[in-house]
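To keep things clear, I will list the structure first and then write my remarks on it.
Next comes the structure, spelled out in structure tokens:
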């Protein structure tokens, strides 16, 4: 039997203690932690502490980097940062070690006759520029492309967009964040008309209940999870882990509910059914601030090349919506979801209770989902029906996994359809961008080209001939990887890769550029709570390594765009940021000035009248609200958010007799993404040296497999052998297996399916059918 | 005769009715008394992961507990009480009743700890209170003399304070954790050896910052790529 970590008696006891130490409690959580850490440092050292956001995930912890004799030698949490209040996770504490791996790329490498030859940076950049010009001349502007990432700093992404969209005139700009939070973006855009969370991390200090939707926060967002655990000690909050796999988070949660893959759609609808049935709907909120719509169903899964989809929203009445929900009573959903009607009612009762503030948190579970936009919409439905939104503690919160997925990809807009402000399809948005970029407005193509999966398919087909990949490792992360790896090796393709270490992606490059990472250069990241954070250059990059921003500027100049790329080497980051801010002027999205970012651990946009906005759409906190009401969802023209009627639909490839297991992929706490940085940190590598496949103990027993035994996994895309992990870090549900994707020697993505959400175009890495057997 | 038959049949009917009603009420009574066992759909427990959170309910108490400097344990006594690093500690005090199971003797002190006046020490807290046959592994030491000496090479135990990868970074876990998944039982409270007592027990999710790097089985070494460019 699973028992809760806190029972009522010990909670009452704790409350008594807490009342006795209220003064001390205000100091919690660990505002003193970094200074305590400092006490333990050897005395007489000559450390110079400088502030930066952490290099790794989207939480965006403030860290202080200790510099000694030109080297980064230590890290502590920044006690002044409201994000982490002085605490980091194991990756953050060791992050500076990622700069000092022995095989750091320090020289440009150019492939000549199948061999990599060291060249000067100048020669390599000349080659890239001439190759781009030649490709455009021979095959048109849409044959060159850039693929970046949510680890791009804001200036990196900005100059990439300006060069490709503004100067060259192609919308072939994508980023790995398409694989990571595109569904969150389309979720926000369809429900609210404007991207990114309305709330902020401070919601954690106000909420009474936390529902984690397929989100192993204890490992993936550990610092925020610590803040929740801290609130549980202080205030006895409830943490509900709603997931498909038992994890460290389930162990720490008050309740763990396991559902079958893809049925989260049905459960979310069942929660709405219960809310309406029990009269928990906040009627005045829904009437004043919400519209109800439905879209096209049976959209398909994007498995075929050149797949296209456009939704056709249609307004419906509350009665029609209610009728639709009749199919989702807890008793009906129980049958497909594998969770009891009682557990559905249990969750619904917390959402419905007007006296409970509730926070929903999610990341890759709902986002990497062939109905990713839908499940994002459905979670917002729950919060909109109950009016539990945009107020402290009532917060649907979409987390991100990369340090600047929000800051660069979503805000700068390094996706095919996006511009820094708005979308390429909108004439006004194009005009604004063209004006600031100093290019003719005709330069900006009004038609989006390829989203990430389609971009690699285009490379395979030969529609794209040139691709520049920066700060990301698609030859580990693309789904159905083999097709796209083979594509890059085809005749007539030219691939440039900018990175700091050799990876499976540099393996397929024609030119490898050594990059300067993180605090080896100057830049900004934007985290999940709309916080933009600045970091200065603290150490020198090794060898000829150069920042991605400057690499792009050098190439742009060589291509004849000196006028647009007028930046001076010493001040280019400041110049770019100031230019970028002009795109976001106005109360809805104003960015803080650079002096502010330099002086404090970040600021949250909209930054209006010298103040960050913590809760958007709420007139009390958000100066952009202008309808005279308590709430104003100004992303939509009529100021109303949308409740979407979205049904349950099965996954594209469900287990059958031949491939009887579900395959889910994901991360572990020690390694970040493809491990190209964290595996070079000895502490982390030793803690988690290689990939594995997790099996349910009963399945393992039936197949006579124990931890360490070789297991053969086979899908319709390929097969591979991995060591088994039974009862280790996580336990998948029966007939499901889990594989982390960090290990480049066990490329699990050779097996995954490249089906994606038709609206967001984000692939689903969490669900496909696999056969597992003892090897 | 007819009258008598009528009375008899009336009684028979009454009797049958009584039986029927009594039977019905007995059955319904049984039904009400029966509480169906609900299928709670328990989630599996992950042995290496659960322990971390086990004593977290006491974390605030640990954080606010004054330190009794006069009765602290040291890492040296902690290691000396074991045949080798990782071996179950022996019982360094007198045990009254030899036939008791753990729950009504050992666990009285060793489940949650506390000061023992007689021994002038704080009772160490067991990381695995669910295993109640304590003396299956833990034995008292009744004499100091040996039957015959031993050449057993005692494994060197990891040292405290030297396990950081960077200046001031969180130390790694230098030991195996089987049977010792419950961090706070040894690393927090008055019975924790002073060298390894955690300064921040209220953080709960210990392994968010402290990862296992034990060299006892084999040193894993650093990451090396298969593919090289020269």
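Residue numbers (this note's numbering), protein chains in the order written: chain F, 2 to 776; chain G, 1468 to 1697. Beta carbons are placed, not taken as given, at the ideal position from N, Cα and C, and that holds for glycine. Model, not experiment: these values are computed from the prediction.
Range covered by the alpha helix (DSSP H) that runs through residue i
i                       : result
residue 1681 of chain G : Element bounds for residue 1681 of chain G: n/a, residue is neither H nor E.
residue 219 of chain F  : 218-221
residue 445 of chain F  : Here residue 445 of chain F belongs to no alpha helix (DSSP H), and DSSP marks it neither H nor E.
residue 250 of chain F  : 249-253
residue 122 of chain F  : 122-140
residue 361 of chain F  : From DSSP, residue 361 of chain F is part of no alpha helix (DSSP H) but of the beta strand (DSSP E) over 359-363.
residue 301 of chain F  : No alpha helix (DSSP H) holds residue 301 of chain F; DSSP gives it neither H nor E.
residue 1653 of chain G : 1650-1654
Residues that residue i contacts on chain G, provided the C-beta gap is smaller than 8 Å
i                      : result
residue 685 of chain F : 1678
residue 83 of chain F  : By Cβ distance, chain G contributes nothing, its closest Cβ being about 18 Å from residue 83 of chain F, past 8 Å.
residue 541 of chain F : Correct list: empty, because the minimum Cβ distance to chain G is about 19 Å.
Beta-carbon proximity list for residue i, same chain, < 7 Å, skipping 5 on both sides
i                      : result
residue 446 of chain F : 170, 171, 172, 425
residue 143 of chain F : 171, 173, 450
residue 1 of chain F   : For chain F, the structure presents residues 2 to 776; residue 1 of chain F sits outside this window and is missing.
residue 509 of chain F : 476, 486, 489, 490, 496
residue 254 of chain F : 240, 241, 242
residue 507 of chain F : 498, 500, 513
Chain-order list of residues whose beta-carbon lies under 6 Å from that of residue i (same chain, five-residue window excluded)
i                       : result
residue 176 of chain F  : 149, 150, 410, 415
residue 1690 of chain G : none
residue 139 of chain F  : none
residue 59 of chain F   : 401, 402, 403, 406, 528, 529
residue 322 of chain F  : 293, 646
residue 1477 of chain G : none
residue 62 of chain F   : 55, 84, 85, 89, 93, 224
Cross-chain neighbours of residue i in chain G, by beta carbon under 7 Å
i                      : result
residue 67 of chain F  : 1634
residue 95 of chain F  : 1632, 1633, 1636
residue 257 of chain F : 1510
Proximal residues of chain F, C-beta to C-beta of residue i below 8 Å
i                       : result
residue 1526 of chain G : 234
residue 1475 of chain G : Within chain F, no residue comes near residue 1475 of chain G; the closest Cβ sits about 54 Å away, beyond 8 Å.
Start and end residues, beta strand (DSSP E) containing residue i
i                       : result
residue 1593 of chain G : From DSSP, residue 1593 of chain G is part of no beta strand (DSSP E); its letter is neither H nor E.
residue 550 of chain F  : Here residue 550 of chain F belongs to no beta strand (DSSP E); instead the alpha helix (DSSP H) covers 549-559.
residue 496 of chain F  : 495-500
residue 110 of chain F  : 109-113
residue 468 of chain F  : 467-471
residue 837 of chain F  : Residue 837 of chain F lies beyond the range of chain F shown here (2 to 776); nothing can be said about it.
residue 1601 of chain G : Looking at the DSSP string, residue 1601 of chain G is not in any beta strand (DSSP E), and its letter there is neither H nor E.
residue 739 of chain F  : 737-741
residue 532 of chain F  : 532-536
residue 525 of chain F  : 524-527
residue 211 of chain F  : 210-214
residue 49 of chain F   : 49-54
Proximal residues of chain G, C-beta to C-beta of residue i below 9 Å
i                      : result
residue 77 of chain F  : 1635, 1636
residue 731 of chain F : 1513, 1516
Beta-carbon contacts of residue i that lie in its chain and below 8 Å, excluding the five residues immediately before and after
i                       : result
residue 1685 of chain G : none
residue 1694 of chain G : none
residue 540 of chain F  : 68, 71, 72, 73, 100, 520, 521
residue 1574 of chain G : 1593, 1596, 1599, 1601
residue 705 of chain F  : 775
Chain-ordered chain F contacts of residue i [CB-CB under 7 Å]
i                       : result
residue 1689 of chain G : 683, 686
residue 1692 of chain G : 104, 503
residue 1639 of chain G : 684
residue 1644 of chain G : The contacting residues do not exist; residue 1644 of chain G stays about 12 Å from chain F at best.
residue 1534 of chain G : The premise fails here: residue 1534 of chain G is roughly 15 Å from chain F at the closest Cβ pair, so nothing lies under 7 Å.
**Request:** Please confirm if the region 407-425 of chain F is in contact with the region 435-452 of chain F, defined as three or more CB-CB distances below 8 Å between the two stretches.
**Result:** Because the criterion of three Cβ pairs below 8 Å is met, the region 407-425 of chain F and the region 435-452 of chain F touch.
**Message:** When you compare the region 1626-1641 of chain G with the region 191-204 of chain F, are there three or more beta-carbon pairs, one atom per stretch, that lie closer than 8 Å?
**Reply:** Between the region 1626-1641 of chain G and the region 191-204 of chain F, the count of Cβ pairs shorter than 8 Å is below three; the stretches do not touch.
**Asked** Touch check for the region 208-221 of chain F and the region 234-252 of chain F: three-plus C-beta pairs under 8 Å?
**Response** yes
**Asked** When Cβ atoms are compared, which residues of the region 1664-1676 of chain G fall closer than 9 Å to chain F?
**Response** 1666, 1667, 1669, 1670, 1671, 1672, 1674, 1675, 1676
**Asked** Per the contact definition of three or more C-beta pairs closer than 8 Å, is the region 714-726 of chain F in contact with the region 765-774 of chain F?
**Response** yes
**Request:** Report the residues of the region 734-747 of chain F with a CB closer than 8 Å to any CB of chain G, ordered along the chain.
**Result:** Against chain G - using a Cβ distance shorter than 8 Å - the residues of the region 734-747 of chain F are 745, 746.
**Contact the region 340-354 of chain F vs the region 256-266 of chain F: 3+ CB pairs below 8 Å** = yes
**Prompt:** Do the region 1507-1523 of chain G and the region 1644-1663 of chain G touch if we need at least three Cβ pairs shorter than 8 Å?
**Reply:** yes
**Prompt:** Looking at C-beta atoms only, is the number of pairs between the region 683-691 of chain F and the region 661-673 of chain F that lie closer than 8 Å three or more?
**Reply:** yes
**Message:** Quick check: the region 267-284 of chain F against the region 1523-1538 of chain G, are at least 3 beta-carbon pairs closer than 8 Å?
**Reply:** no
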